[in-house]
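Peer 1: Taken in order, these protein sequences are the chains called B and E. Sequential numbering of the first sequence, starting at 1, is according to my numbering. Sequential numbering of the second sequence, starting at 1001, is according to my numbering. We put the beta carbon where it would ideally sit given N, CA and C, even for glycine. I am attaching a structure below and will ask some questions about it afterwards.
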Amino acid sequence: MRVVFKTSYDRDIDLHEHGQSRAKIAVLLAIMVALPFLVGDYYLAEAANTLIWALAGMGLMVAVGHTGQVSLGHAAFLAIGAYADSALMNAGLPFLVSFPVAGLITGLFGAIIAVPAVRMSGIYLAIATLAVFVIVEEMVILLEPITGGVGGIMAPSVTILGISFDRYAALPNFYWLCLAVVAVVTWGYANLMRSPTGRSFLAVRDSEVSARALGINVTRTRALAFGLSSGVTGLAGALMGHYIGFFNYELFSIFISINLLLVVTIGGLGFIQGAFLGAILITAVPQLISILRDNLVGIGIDLSGIPGLDTMIFSLILIGFIIYEPTGLYGRWLKIRTWFEIFPLARKDMFRRQKSYLKTERMK
Amino acid sequence: MELLQLMIGGLANGCIYGLVALGFVMIYKASEGVNFAQGDMMMLGAFIALGFGNTDQMGLPFGVAVLLAMVLMFGIGWGVERVVVRQIFGQPQFALVILTIALGFVFRFVAGSIWGYTPLVLETPFAGQNLRSGGIVISLADLVTIGVTLVLTLALWAFFAFTRIGLAAQAASQNQMAAYIVGVPVMRVNSLIWGLSGAVATVAGVLYATRGAIDPNIGLLGIKAFAAAVIGGLGSLPGALLGGLIIGVVEPVAGRYAPGELAKMSPYIIMLIVLVTRPGGLFSQIQMKKV
């Protein structure tokens, strides 16, 4: 058991509790940077994909995990980010400009939607975002000159200062680009969560009434969180467009929205680390299923004839987590870690869930 | 004349949206949760009726098949509540949203593995029969749909307004703890409502199947039915029906006079307009508590 000796109030809100956790992050980052030299192209592409999913997951985490706003339409923001980035690059802007601008456009769009949407609570917001998703999907088809309509659009190749960051021609560069974006966003996110703004997100999530009583402008806070969330998701969408290369509206289906929800719920709601764990799971499980499939064929069981098996397995995992471990993978890890840290002193009902009763949202 | 024809078809369509929306509203009224798998329950109900009724499957008479399907779906709804939903009793709504979305995928997978993904047609006694008056053709299926929907909505409304269990369900939704204290068996009421909504979903599914072929993905119609429920104000049974009718009528009319994409968007645009102008829906159930 480690004793953290605090000598100033600032230590309370430090990003890292002690030097060791800072060192751990540094080691992790070093391994991630060195990854192109350690693994082959196939796994490197998967790693880039995981990073992009983690980025999108962080985007959704701001809304769902930290502000308590459920969104079923985040695929729409991925789409807006991807199309805005490609359109701006096709208009001749360099990636360094188009990428942040695409995030900004998506964020503004999200904030505009959020202004009426945040007045709704819980379920209404979820349904409104679903509606926005359908509208955006149809708009993509309608705005054919920009988006290529049903046919789709080719994401331009990324070049920064004459160096190619193309997803196929220069995969390690593209991977480092994703890593850099993810690292910067994660750093910003972690810092946001220890600022007054981030704390007000948590307050709004935990109790709207008490947040209002503490002088927090609930509407503005929720709109800001939603805007930030969609902006980050838009950045992920832009990267995803470049990663896929050629995409149309079908890439950003309702299933992507649900997969994103899966990332944040299974990873652990309210933990930045959760977005990463969830992203790893969501990119690894299809691979594992296909490996399993190949092995089962060897012993005479053919699963390839069953369509939709992947979604089914995902759904069962999700149901299992919601019921038995609502805090997700990261929550489980925290419990295991605590058990080891305080070793002989852990008690069985230390993490027992408090019994709760639902009260209507119809009376405020 | 053309407009009138479109509107009659739209009304019948709207009735189906309304029926699925009724399922949402029932569960919402009873447990303040939204069952995102309602559309998939409708799909499953239609397939079960098809499995009982079609001659190449079990070949039972149509009425018997539908009744059996309703009973079975009542059981499935009840069972889902008992086995899965009850586990997250008292948790925030968000958990139920995700849980039911996942359940919807499970239903879709089950139906897909039993009946396959190619569209199938339910055999009905009133297939292809039309009534003509003036220049308008009304299919018997449309009339049956409208009639059944009206009767069912009235019956459910009476159930919630006048019966003991209906009132108990409303009490449970407003404050679970308080309902317990006054002696409402909250869990049992929830199971019953889930079962009932399964049966209603079956009716919706069968009516949907009288109007065209079904495949495991028709459950996505549930999203439109949400729009209907929200337009009417979640928690209001007549509102759900009205919302369904509005969507059902606007959709084909918009499809006739505007580009197809706009027609597809129209339910959601109406819904957003309603949400922005009247956040509680047309028949609002939200009240500010006076302190």
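(1) Does residue 1097 of chain E pass the burial test, meaning 16 or more other C-beta atoms within 10 Å, or should it be called exposed?
(2) State whether the segment 1015 to 1029 of chain E contacts the segment 1222 to 1230 of chain E, with contact taken as three or more CB pairs (one from each stretch) at a distance under 8 angstroms.
(3) So residue 237 of chain B and residue 78 of chain B are in contact, right, with Cβ under 8 angstroms, and what is the actual spacing, rounded?
(4) By the 9 angstroms beta-carbon criterion, what residues does the segment 66 to 96 of chain B contribute toward chain E?
(5) Who are the neighbours of residue 1261 of chain E on chain B, taking C-beta pairs under 7 angstroms?
(6) Do residue 144 of chain B and residue 249 of chain B have their CB atoms nearer than 8 angstroms?
(7) Residue 1213 of chain E: which of E:1161, E:1091 and E:1116 sits nearest, CA to CA?
(8) Which residue comes first and which comes last in the beta strand (DSSP E) that contains residue 1138 of chain E?
(9) With a cut-off of 8 angstroms, does the C-beta of residue 326 of chain B fall near any C-beta of chain E?
(10) Given a cut-off of 8 angstroms, decide if residue 139 of chain B and residue 264 of chain B are closer than it, judged by their beta-carbon atoms.
(11) I'd like the list of long-range same chain contacts for residue 276 of chain B, defined as Cβ closer than 6 angstroms, with 5 residues on each side in sequence excluded.
(12) Taking its Cβ as the centre, do 16 or more other Cβ atoms sit within 10 Å of residue 95 of chain B, making it buried, or is it exposed?
(13) Just mark residue 1268 of chain E as buried or exposed, buried being the case when its beta carbon has 16 or more other beta carbons within 10 Å.
(14) To be precise: take each residue of the segment 1214 to 1233 of chain E, compare its Cβ to all Cβ atoms of chain B, and keep it if any distance is under 7 angstroms. Which residues remain?
(15) Quick one: list the residues of chain B neighbouring residue 1271 of chain E, beta-carbon separation under 7 angstroms, in chain order.
(16) Can you give the beta carbon distance from residue 308 of chain B to residue 266 of chain B, rounded, assuming they're within the 8 angstroms contact cut?
(17) Touch check for the segment 1089 to 1108 of chain E and the segment 1031 to 1046 of chain E: three-plus C-beta pairs under 8 angstroms?
(18) How many whole angstroms separate the CB atoms of residue 1237 of chain E and residue 1025 of chain E, which I take to be in contact at a CB cut-off of 8 angstroms?
(19) Helix, strand or coil for residue 1190 of chain E per DSSP?
(20) Under the rule that 16 or more other beta-carbon atoms within 10 Å means buried, what is residue 66 of chain B, buried or exposed?
(21) Determine the closest residue to residue 1244 of chain E out of E:1080, E:1052, E:1199 and E:1266, with distance taken between C-alpha atoms.
(22) Excluding sequence positions up to five away, which residues of its chain have a Cβ less than 7 angstroms from the Cβ of residue 332 of chain B?
(23) Can you tell me which of E:1283, E:1219, E:1125 and E:1028 puts its alpha carbon nearest to the alpha carbon of residue 1061 of chain E?
(24) The beta strand (DSSP E) spanning residue 1133 of chain E covers which residue range?
(25) Going along the segment 309 to 320 of chain B in order, which residues come within less than 9 angstroms of chain E, judged by CB to CB distance?
(26) Could you give the DSSP three-state label for residue 342 of chain B: helix, strand or coil?
(27) So does the segment 95 to 113 of chain B actually touch the segment 78 to 87 of chain B, counting three or more Cβ pairs closer than 8 angstroms?
(28) Just the chain B side, please: which residues come within less than 7 angstroms of residue 1183 of chain E by C-beta, in chain order?
(29) Can you tell which of B:13, B:226 and B:240 has the C-alpha that lies nearest to the C-alpha of residue 204 of chain B?
(30) Keeping to the same chain, check which residues put their C-beta closer than 6 angstroms to that of residue 18 of chain B; ignore five residues upstream and five downstream.
(31) Check the Cβ-Cβ distances between residue 1063 of chain E and every residue of chain B, and say whether any is below 8 angstroms.
(32) Below 9 angstroms between beta carbons is the criterion; list the residues of the segment 1082 to 1101 of chain E that meet it against any residue of chain B, in chain order.
(33) Is the segment 17 to 36 of chain B close to the segment 145 to 158 of chain B, with three or more CB pairs under 8 angstroms?
(34) Whole angstroms are fine: how far does the CA of residue 1070 of chain E sit from the CA of residue 281 of chain B?
(35) Taking one C-beta from the segment 1152 to 1161 of chain E and one from the segment 1245 to 1259 of chain E each time, how about it: are there three or more such pairs within less than 8 angstroms?
(36) List, in chain order, every chain E residue whose beta-carbon is nearer than 9 angstroms to that of residue 189 of chain B.
Peer 2: On the basis of the coordinates in this document:
(1) The residue you call residue 1097 of chain E lines up with position 97 of the second sequence. Residue 1097 of chain E is buried by the Cβ-count criterion.
(2) yes
(3) By 1-based counting over the first sequence, the position of residue 237 of chain B is 237. By 1-based counting over the first sequence, the position of residue 78 of chain B is 78. Yes, they are in contact, since the Cβ atoms of residue 237 of chain B and residue 78 of chain B sit about 4 angstroms apart, within 8 angstroms.
(4) 68, 70 and 72
(5) Position 261 of the second sequence holds residue 1261 of chain E. Within chain B, the residues near residue 1261 of chain E are 138, 141 and 142.
(6) Here the question's residue 144 of chain B lines up with position 144 in the first sequence. Here the question's residue 249 of chain B lines up with position 249 in the first sequence. Result no, Cβ atoms of residue 144 of chain B and residue 249 of chain B do not sit closer than 8 angstroms.
(7) On the second sequence, position 213 is the one that residue 1213 of chain E refers to. For the residues E:1161, E:1091 and E:1116, the minimum Cα distance to residue 1213 of chain E belongs to E:1116.
(8) Taking the second sequence and counting its residues from 1, one reaches residue 1138 of chain E at position 138. Run containing residue 1138 of chain E: 1136 to 1139, per the beta strand (DSSP E) assignment.
(9) Looking up residue 326 of chain B in the first sequence gives position 326. So, interface residue.
(10) On the first sequence, position 264 is the one that residue 264 of chain B refers to. On the first sequence, position 139 is the one that residue 139 of chain B refers to. Their beta carbons are not under 8 angstroms apart, which means residue 264 of chain B does not touch residue 139 of chain B by this criterion.
(11) Position 276 of the first sequence, counting from 1, holds the residue named residue 276 of chain B. Taken in chain order, the residues that qualify are 54.
(12) The residue you call residue 95 of chain B lines up with position 95 of the first sequence. Buried is the call here.
(13) Your numbering for residue 1268 of chain E matches position 268 in the second sequence. Its Cβ being crowded by 16 or more others within 10 Å, residue 1268 of chain E is buried.
(14) 1223, 1226, 1227 and 1230
(15) The sequence position of residue 1271 of chain E within the second sequence is 271, counting from 1. Near residue 1271 of chain E (Cβ distances below 7 angstroms), the residues of chain B are 131.
(16) Position 308 of the first sequence holds residue 308 of chain B. Position 266 of the first sequence holds residue 266 of chain B. With 8 angstroms as the limit, residue 308 of chain B and residue 266 of chain B do not qualify as a contact, their Cβ atoms being about 19 angstroms apart.
(17) yes
(18) The sequence position of residue 1237 of chain E within the second sequence is 237, counting from 1. The sequence position of residue 1025 of chain E within the second sequence is 25, counting from 1. Rounded to whole angstroms, the Cβ separation of residue 1237 of chain E and residue 1025 of chain E is 6 angstroms, and the two are in contact under 8 angstroms.
(19) The count along the second sequence starts at 1 and reaches residue 1190 of chain E at position 190. DSSP places residue 1190 of chain E in helix when its eight states are reduced to three.
(20) Here residue 66 of chain B corresponds to residue number 66 of the first sequence, with the count starting at 1. Buried is the call here.
(21) By one-based count along the second sequence, residue 1244 of chain E stands at place 244. The shortest Cα separation from residue 1244 of chain E among E:1080, E:1052, E:1199 and E:1266 belongs to E:1266.
(22) As a working mapping, residue 332 of chain B is identified with position 332 in the first sequence. Excluding residues within five positions, the ones whose Cβ falls inside 7 angstroms are 325.
(23) As a working mapping, residue 1061 of chain E is identified with position 61 in the second sequence. Checking every option, the nearest Cα to that of residue 1061 of chain E belongs to E:1125.
(24) Mapped onto the second sequence, residue 1133 of chain E falls at position 133. 1130 to 1133 is the span of the beta strand (DSSP E), which, as asked, contains residue 1133 of chain E.
(25) 309, 311, 312, 314, 315, 316, 317, 318 and 319
(26) Here residue 342 of chain B refers to the residue found at position 342 when the first sequence is read from its first residue. Looking at residue 342 of chain B - three-state DSSP - the assignment turns out to be coil, as it is neither helix nor strand.
(27) yes
(28) For this step, residue 1183 of chain E is matched to residue 183 along the second sequence. By Cβ distance, chain B contributes nothing, its closest Cβ being about 15 angstroms from residue 1183 of chain E, past 7 angstroms.
(29) Start at 1 with the first residue of the first sequence, and residue 204 of chain B comes out as number 204. Comparing Cα-Cα distances from residue 204 of chain B to each of B:13, B:226 and B:240, the minimum goes to B:226.
(30) Here residue 18 of chain B corresponds to residue number 18 of the first sequence, with the count starting at 1. Hits under 6 angstroms: 4.
(31) Position 63 of the second sequence, counted from the start, is the residue given in the question as residue 1063 of chain E. So no, residue 1063 of chain E is outside the interface.
(32) 1084, 1087, 1088, 1089, 1090, 1091, 1092, 1093, 1094, 1095, 1096, 1097, 1098, 1099 and 1101
(33) no
(34) In the first sequence, the residue the question calls residue 281 of chain B occupies position 281. In the second sequence, the residue the question calls residue 1070 of chain E occupies position 70. Distance between the alpha carbons of residue 281 of chain B and residue 1070 of chain E is about 39 angstroms.
(35) no
(36) Here residue 189 of chain B corresponds to residue number 189 of the first sequence, with the count starting at 1. Here the premise fails: no neighbours, minimum Cβ distance about 21 angstroms.
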